[in-house]
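Everything on this sheet refers to the single structure shown next.
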Amino acid sequence: MGMAFIIIIVALKFILPVLYLFFPFAAGWGNFILDSVDGDLLIPAGLDNSLYQNLDKAADWVAYLFMFIWGWRKPIRREISIVFAMRTLGQVLFFTTQNEMVFFWFPNLLEPLFLVYVTIARFKGWRRAQEIYRQRIWLIWICILVYKIQDEYFTHVGNVDRTDLLRSLLP
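The sequence shown begins at 6 in this note's numbering and counts up one residue at a time.
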């Protein structure tokens with residue numbers, strides 16, 4: 006069960022991003038959820054932590070690449086391109102140094118931007134998405150920055166396992 010389970014989860018991490026091109030809302034949120042729990046699934050299933058870290062970061066970059074490809078045809082092409090380039094630099098630095106701290110300095114702003122935009126489009130329509138995004142751009146970016154700065158800090162600087170943290174807080 007262990008190896009087959011690991012293969013399925015890892016395959017999903019590389020397949021879901023391709024689906025961004027066809028089902029950006031469902032695939033984007035599905036991959037976000039999978040990326041939030043994959044370590045809690047894969048490491049107990051027997052995947053070595055250092056191998057997991059490298060596979061996870063490679064799968065993350067594939068997801069970023071497909072967000073970039075998706076965004077290239079959208080009105081937010083400029084923002085998508087900038088945050089994709091920034092995170093790609095962080096990915097390159099991580100793979101060359103294996104230092105997670107680079108992710109704090111080059112945060113993943115691309116995924117929350119993508120998810121916010123496709124969520125607006127899903128519920129308000131693709132024609133209105135850009136208008137709504139532009140009307141609320143400051144609020145959206147403040148929320149993205151606050152969320153990602155704390156997320157990158159806890160994940161890559163403090164190395165806080167949120168699952169363990171939640172368990173310790175619950176009675």
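For glycine and all other residues, C-beta sits at the position ideal for the given N, C-alpha and C.
Rounded to a whole number of angstroms, what is the C-alpha to C-alpha distance between L94 and F111? In the sequence shown, residue 94 corresponds to position 89, counting from 1. In the sequence shown, residue 111 corresponds to position 106, counting from 1. About 7 Å.
Since I believe L115 is in contact with F37 (beta carbons under 8 Å), could you give me their beta-carbon distance rounded to a whole number of angstroms? Residue 37 sits at position 32 when you count from the first residue of the sequence shown. Residue 115 sits at position 110 when you count from the first residue of the sequence shown. 12 Å between Cβ atoms; not a contact.
Counting only runs of 4+ residues fully inside the stretch 9–83, write out the alpha helix (DSSP H) ranges in chain order. 29–47, 54–76
Quick one: Cα of K153 to Cα of L118, how far? Looking up residue 153 in the sequence shown gives position 148. Looking up residue 118 in the sequence shown gives position 113. Going by the C-alpha atoms only, they are around 11 Å apart.
Could you check whether F71 and V23 sit closer than 8 Å to each other, using their CB atoms as the reference points? The sequence position of residue 23 within the sequence shown is 18, counting from 1. The sequence position of residue 71 within the sequence shown is 66, counting from 1. Yes, they are a contact pair.
Assuming contact is defined by CB atoms lying nearer than 8 Å, are G76 and I85 in contact in what I supplied? Numbered from 1 along the sequence shown, position 71 holds the residue referred to as residue 76. Numbered from 1 along the sequence shown, position 80 holds the residue referred to as residue 85. Going by C-beta atoms, G76 is nearer than 8 Å to I85.
From this set, V15, F30, I12, which residue's C-alpha is nearest T124's C-alpha? Counting from 1 along the sequence shown, the entry for residue 124 is found at position 119. The shortest C-alpha separation from T124 is found at F30.
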